[in-house]
Amino acid sequence: MKRTIVILLMLGIFGTSEVVCASAASIKSGVSKQQKNKDDDKKFELYKFWENYMDEYLSSYVFEALEQNPSLKIANDRLRQSQALLGTINAQRLPHIGVNPSVYPYRSLSGKKYSSYNDISMPLFFNWEIDIFGKLSDKVQSGRYDVKIAKEDVNIKKLSLTSEVCAIYFNIILTDELIENEEEILKNLEEVLKLKKQLYEGGIIKYDDLYITEYEKINTQNELNSLYKQQDILSHAFSFIRAAAPNDPIKHRTMNETILPFLPDTEVNSDLIFNRPDVIQAEYAIKKAAFDVKVAKKMFLPSFNLNEIVGFESFRAGRIFNWDSIVYQLGAGLLLDLYTGGYKKHFLKYNKELALEKLHKYDYTILDAVREVEDCLSSYKTDYKAYVDFKTMMANSQHYYDVAKTRYLSGIGNRIDELDARRQYLINENAANKAKAASLVDTVSLYKALGSRIHE
């Protein structure tokens, strides 16, 4: 009978812990359902806007960046860190079970008698803070919003990364075509300069005409050198953002093959700014701050703990596992801080001010998003109009060049006029390509400003 009672006592802690764990799980499930019904938090979804440009090279580079970019990997690492921290916070709601074997030697001298013995104990202890006031539940909710905020950091990085890949890609196309045209312009000027030198030496033209051509040639060479520099910088940036080798060739379409995904007069849903990851993150920050204020307020309330101990205790090692050495204790306690030097008061004030800061930051994020969208729309309209105007100029320049070439081949014109007409066409083509590239980048910026889509 005695053996049965002891076994039941030793198993009591495990039975209690199972009940407590079941209760904690029930509380957790209840809080989760209540939170889900209380507010439906927004979730950001990255729309594959880069596919609207119908460019297989661009799509492959975007996917490569999403898989290999180091900064995106760092953001994912921080997300996993926040999830691990949430686990540590959530664990505080569950009971703690441990064992604490110990030996305390005692020596005493009473009169002429010397005595020596050891207090040997091997208790299995159980402790659970009963969350009557919801202190730990609020901490868990705050930790969950930390995880959501970290997820939006990842989404912010993804949106920024894909936008940057697209912008660099279009600028690489532009730079390569500008270099090609500028190299032809330079050869054109060298031939014109050679012909004008002959005319100048023959006394047919003035030196002023020759000097202007020489000056234009030097400017063209300097501009070409700047383009070579820009080409290298863009290539390095594109390799870095994709974590690729710097010398890997970059395949791309021509500027004529690129398409604009939508026109400036396309209707844009401005409400999409509320689906931006930074706006969603700002909302999460406000909700987290509200829970932090609740946690700070509840620090003024007492804490309740349930304690249970079962194990062995004896003054002799040989009797440690005897039935007479069994000890069992079950009790509850209350802890209330009477004086903390104003720590709790100031901590509550700090969290209230922090909540106000998050609210103001949310307002700032919304206003900045609206400004960014308006700037992108204005830039796109202006750049697209310039692109259309230069396309008209290119058509006129092509006609002018065809006439000059026909005259030269027919013998009624000269080579210099033909070269001048060709050079003017290339200059107009460069201007049109710049305007088109700017328009493409404007569309990318607008996708980014609206959270990766312009309409539902």
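Oh and the sequence shown: position 389 is 434 in my numbering, straight run, nothing missing. Where a beta carbon is used, it is the ideal one built from N, C-alpha and C, also for glycine. Since the structure is predicted, the reported quantities are computational estimates derived from the model, not experimental observations.
For residue i, which residues from the same chain have a beta carbon less than 8 Å from its beta carbon, with the 5 sequence-adjacent residues on both sides left out?
{"i": "Ala70", "result": "Residue placement at Ala70 is flagged as unreliable, the pLDDT there being 41, under the threshold of 50; the coordinate-derived value follows with that caveat. The answer is none, since no qualifying residue turns up."}
{"i": "Val338", "result": "Leu393, Asn396, Lys397 and Ala400"}
{"i": "Leu238", "result": "Leu255, Thr258, Glu259 and Lys262"}
{"i": "Ser348", "result": "Glu174, Lys180, Leu379, Leu380 and Leu381"}
In whole angstroms, give me the CA-to-CA distance for residue i and residue j.
{"i": "Asn301", "j": "Ala477", "result": "10 Å"}
{"i": "Ile218", "j": "Leu244", "result": "39 Å"}
{"i": "Tyr395", "j": "Val192", "result": "22 Å"}
{"i": "Phe108", "j": "Tyr273", "result": "28 Å"}
{"i": "Asn264", "j": "Glu236", "result": "16 Å"}
{"i": "Pro146", "j": "Pro322", "result": "52 Å"}
{"i": "Glu417", "j": "Arg498", "result": "14 Å"}
{"i": "Ser315", "j": "Val415", "result": "8 Å"}
{"i": "Glu227", "j": "Asp221", "result": "10 Å"}
{"i": "Tyr432", "j": "Lys481", "result": "6 Å"}
{"i": "Asp462", "j": "Ser105", "result": "45 Å"}
{"i": "Ile50", "j": "Val372", "result": "The predicted model places Ile50 with a pLDDT of 36, which falls under 50 and marks its position as unreliable, so this point remains unresolved."}
{"i": "Lys539", "j": "Asp408", "result": "As shown, the chain starts at 46 and ends at 501. That puts residue 539 outside it, with no answer to give."}
{"i": "Met99", "j": "Phe285", "result": "24 Å"}
{"i": "Ser116", "j": "Ser208", "result": "15 Å"}
{"i": "Leu181", "j": "Lys332", "result": "16 Å"}
{"i": "Ser484", "j": "Thr427", "result": "9 Å"}
{"i": "Ile224", "j": "Glu259", "result": "20 Å"}
{"i": "Phe319", "j": "Asp86", "result": "12 Å"}
{"i": "Tyr446", "j": "Asn473", "result": "12 Å"}
In terms of residue numbering, what span does the alpha helix (DSSP H) encompassing residue i cover?
{"i": "Val340", "result": "Pro322 to Lys343"}
{"i": "Ile558", "result": "Outside the displayed range of the chain (46 to 501) lies residue 558, so it cannot be described from this structure."}
{"i": "Tyr384", "result": "Neither: Tyr384 is in no alpha helix (DSSP H) and is coded neither H nor E."}
{"i": "Tyr432", "result": "Tyr388 to Ser455"}
{"i": "Gln469", "result": "Arg460 to Ala494"}
{"i": "Leu124", "result": "Pro115 to Ala136"}
Are the CB atoms of residue i and residue j nearer to each other than 8 Å?
{"i": "Ala330", "j": "Lys406", "result": "yes"}
{"i": "Arg467", "j": "Gly458", "result": "no"}
{"i": "Asn352", "j": "Leu206", "result": "no"}
{"i": "Lys389", "j": "Phe345", "result": "yes"}
{"i": "Cys211", "j": "Leu103", "result": "yes"}
{"i": "Val185", "j": "Arg125", "result": "no"}
{"i": "Ile134", "j": "Gly188", "result": "yes"}
{"i": "Lys262", "j": "Leu231", "result": "yes"}
{"i": "Leu91", "j": "Leu204", "result": "yes"}
{"i": "Pro291", "j": "Asn97", "result": "no"}
{"i": "Leu269", "j": "Asn216", "result": "no"}
Cutting at 6 Å between CB atoms, please list the residues of its own chain near residue i, excluding the five before and the five after it.
{"i": "Ser490", "result": "Cys421"}
{"i": "Asn508", "result": "A question about residue 508 goes unanswered here, because the residues of the chain that appear run from 46 up to 501."}
{"i": "Gln374", "result": "Ile354"}
For the beta strand (DSSP E) that residue i lies in, which residues bound it at each end?
{"i": "Ile142", "result": "His141 to Val144"}
Leaving aside the five residues before and after residue i along the sequence, list all residues of the same chain whose C-beta is less than 7 Å from its C-beta, in chain order.
{"i": "Ser424", "result": "Asp487"}
{"i": "Gln275", "result": "Thr220"}
TODO: Scan the stretch 254 to 335 and note each continuous alpha helix (DSSP H) run of 4 residues or more that stays entirely inside, going in chain order.
DONE: Restricted to the stretch 254 to 335, not a single alpha helix (DSSP H) segment is unbroken, complete and at least 4 residues in length.
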